[in-house]
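There are 2 protein chains.
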Amino acid sequence: MDQKDQPDHPARVQISPDGVMTGRTGRYTKHLGDMDGVYRDAEAYRAALAGRGPDELVYQVDSQDYGAHEGALTIGTSTLLPGRYGQEFAVTRGHLHRIANRAELYHCLSGHGVMLLETLDGQTEAVELTPGVAVNVPGDWIHRSVNVGDQPFVTLFTYATDAGQDYELIARAGGMKTLIVDDGAGGWKAVPNPDHRGYTESR
Amino acid sequence: MDQKDQPDHPARVQISPDGVMTGRTGRYTKHLGDMDGVYRDAEAYRAALAGRGPDELVYQVDSQDYGAHEGALTIGTSTLLPGRYGQEFAVTRGHLHRIANRAELYHCLSGHGVMLLETLDGQTEAVELTPGVAVNVPGDWIHRSVNVGDQPFVTLFTYATDAGQDYELIARAGGMKTLIVDDGAGGWKAVPNPDHRGYTESR
Chain A
1 MDQKDQPDHP
11 ARVQISPDGV
21 MTGRTGRYTK
31 HLGDMDGVYR
41 DAEAYRAALA
51 GRGPDELVYQ
61 VDSQDYGAHE
71 GALTIGTSTL
81 LPGRYGQEFA
91 VTRGHLHRIA
101 NRAELYHCLS
111 GHGVMLLETL
121 DGQTEAVELT
131 PGVAVNVPGD
141 WIHRSVNVGD
151 QPFVTLFTYA
161 TDAGQDYELI
171 ARAGGMKTLI
181 VDDGAGGWKA
191 VPNPDHRGYT
201 ESR
Chain B
1 MDQKDQPDHP
11 ARVQISPDGV
21 MTGRTGRYTK
31 HLGDMDGVYR
41 DAEAYRAALA
51 GRGPDELVYQ
61 VDSQDYGAHE
71 GALTIGTSTL
81 LPGRYGQEFA
91 VTRGHLHRIA
101 NRAELYHCLS
111 GHGVMLLETL
121 DGQTEAVELT
131 PGVAVNVPGD
141 WIHRSVNVGD
151 QPFVTLFTYA
161 TDAGQDYELI
171 ARAGGMKTLI
181 VDDGAGGWKA
191 VPNPDHRGYT
201 ESR
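Protein chains in written order, with UniProt numbering: chain A, 1 to 203; chain B, 1 to 203.
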């Protein structure tokens, strides 16, 4: 971890409820073709891929940081487009922080979503987010955004820049323990994922 | 710093644009009588005190945290009511984090304010905040909120819970180096504070 000789210069950013951050230092995008293996219903995913093509945007993350020195924060927005793959709602890949005790704030700016949270030892929580609702994701919780609405689901996030992300943990476990699916009545429900094999730490 | 045996249970909070946080674990309030010595124009402050009384609310901070263990974040809202003391706009006391390298996000939810930032060696920055604008306050910057509007100035904040706050540094220096004052044309400007003696670290 770097130590700074000189304080960083304060950055002002403008955050639109549609997720675009003016003054960002980074952006990454995920497209439909990047989501292979993420959804349980492989046939539904392949059908979506055939119909919409691999280059369709599925989510976008804007961020601003000063580098990963001690005490620094990354701020940003996550914009997850709506979608359905079989019964499952659209999700982000999800991650545990590489420094697992690092917490993360998610504050919903627009849309309707769920923050799905799981611990390595099998606790699971689904926190519903609508504009103005936030979740302080504690350290040691794997977390993923789920869009259960029909509009983009946008959150403002903040985490310690040194936290890092482990994106492989979920794939190695056969997916998260819980799936967020259509409840058949216009809403969502959390159901067990029969393919989940339990989490194994990378370290 | 505590280490956790068990992950904390994720907390969902609801944040109103007026600054009230449902699901908070803490709240503190500052009243007019607590602000003695903060404003340069002591006569204007005494007149306000005589007219409005020491118990009038001037700002309120709601917060949620899980305790100050490594990696934990505190999230919250700061609601600073409008006011004028001579030419100076209403301010919070301001602080440097006790662990000075800890950054802090401030995201404006409502009102019109300025985040006034200074380093120990005399750099100064004034970042204007309106709804949707945020500042990622880097480590090693003293910072204070200033309400330059006529409505409550509300920000969402996030910082590492272990950061702590040094509130005495500014008083010891004769106030911050910069004052945010009425520009005589309906706006604000930053002017030097003739009483500022330079910052001296507490450690």
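All C-beta atoms, glycine included, are put in the ideal place defined by N, C-alpha and C.
Fewer than three pairs of CB atoms, one per stretch, sit closer than 8 Å, so the region 113-133 of chain B makes no contact with the region 61-77 of chain B. Nearest to Val91 of chain A by alpha-carbon distance, out of A:Ser16, A:Val154 and A:Ala50, is A:Val154. Excluding residues up to 5 positions away in sequence, Lys177, Thr178 and Leu179 lie with their Cβ nearer than 8 Å to the Cβ of Pro192 of chain A in the same chain. The three-state secondary structure of Gly33 of chain B, taken from DSSP, is helix. Linking His112 of chain B to Gln87 of chain A through their CA atoms gives a straight-line distance of about 44 Å.
Its Cα nearest to that of Ala160 of chain B, the residue B:Asn101 stands out among B:Val114, B:Glu168 and B:Asn101. Each of B:Gln6, B:Lys30 and B:Val38 was checked against the Cα of His196 of chain B, and the nearest Cα belongs to B:Val38. Within the region 110-138 of chain B, contact with chain A at the beta-carbon level (separation under 7 Å) is assigned to Leu117, Thr119, Glu125, Val127, Gly132, Val133, Ala134, Val135, Asn136, Val137 and Pro138. Between the beta-carbon of Thr158 of chain B and that of Ile75 of chain B there is about 5 Å, and that keeps the pair under the 8 Å contact cut. For the region 61-82 of chain B, the residues whose beta carbon sits under 7 Å from a beta carbon of chain A are, in order, Gln64, Tyr66, Glu70, Gly71, Ala72, Leu73 and Ile75. For the region 7-39 of chain A, the residues whose beta carbon sits under 8 Å from a beta carbon of chain B are, in order, Pro7, Asp8, His9, Pro10, Ala11, Arg12, Val13, Gln14, Ile15, Ser16 and Pro17.
Using a C-beta cut-off of 8 Å, the region 130-141 of chain A makes contact with the region 9-19 of chain B, since at least three inter-stretch Cβ pairs fall below that distance.
Closest in alpha carbon position to Ala68 of chain A, among B:Glu168, B:Ala173 and B:Gly139, is B:Gly139. Pairing Ser110 of chain A with Ser78 of chain A, the inter-Cα distance amounts to about 11 Å. By the neighbour-count criterion, in which a residue is buried when 16 or more other Cβ atoms sit within 10 angstroms of its Cβ, Pro152 of chain B is buried.
Residue state for Arg52 of chain B is assigned as helix, using DSSP reduced to three classes. In the three-state scheme derived from DSSP, where H, G and I count as helix and E and B as strand, Arg84 of chain B is classed as strand. Residue environment analysis places Arg46 of chain A among the exposed positions, since fewer than 16 neighbouring C-beta atoms fall within 10 angstroms of its C-beta.
Here Leu32 of chain A is not near Leu96 of chain A, since their CB atoms are 8 Å or more apart.
Assignment of beta-bridge partners to Thr124 of chain B by DSSP yields B:Glu118. Between Thr92 of chain B and chain A, the shortest Cβ-Cβ separation is not below 8 Å.
Each residue's CA atom was taken as its position, placing Ser16 of chain B and Glu43 of chain A some 42 Å apart. For Trp188 of chain B, not one C-beta of chain A is nearer than 8 Å to its own C-beta.
The DSSP-derived three-state label of Asp162 of chain B is helix. With respect to chain B, the C-beta atom of Asn101 of chain A has a partner C-beta closer than 8 Å. Measuring C-alpha to C-alpha distances from Ala190 of chain A to each of A:Gln165, A:Val127 and A:Leu156 identifies A:Val127 as the nearest.
Closest option to Pro131 of chain A, judged by alpha-carbon separation, among A:Glu118, A:Arg144 and A:Tyr106: A:Tyr106. The beta-carbon of Asp140 of chain B is placed less than 8 Å from the nearest beta-carbon of chain A. Judged by their CB atoms, Gly19 of chain A and Pro82 of chain A are not nearer to each other than the 8 Å cut-off. Cβ-Cβ separation between Glu104 of chain A and Ile142 of chain A: approximately 11 Å, too far for a contact (criterion under 8 Å). Straight across, the Cα-Cα distance linking Gly174 of chain B with Ser145 of chain B is about 18 Å.
Taking each of B:Asp36, B:Asp41 and B:Arg24 in turn and checking the Cα distance to Val181 of chain B, the smallest one comes out for B:Asp41. In terms of Cβ geometry, Ala50 of chain B and Tyr85 of chain B do not form a close pair [threshold 8 Å]. Neighbourhood of Leu156 of chain B in chain A, by CB distance below 9 Å: Leu105, His107, Ala134 and Leu156, in chain order. Proximity of Ala173 of chain B to chain A, defined by a Cβ-Cβ separation below 8 Å, is not satisfied.
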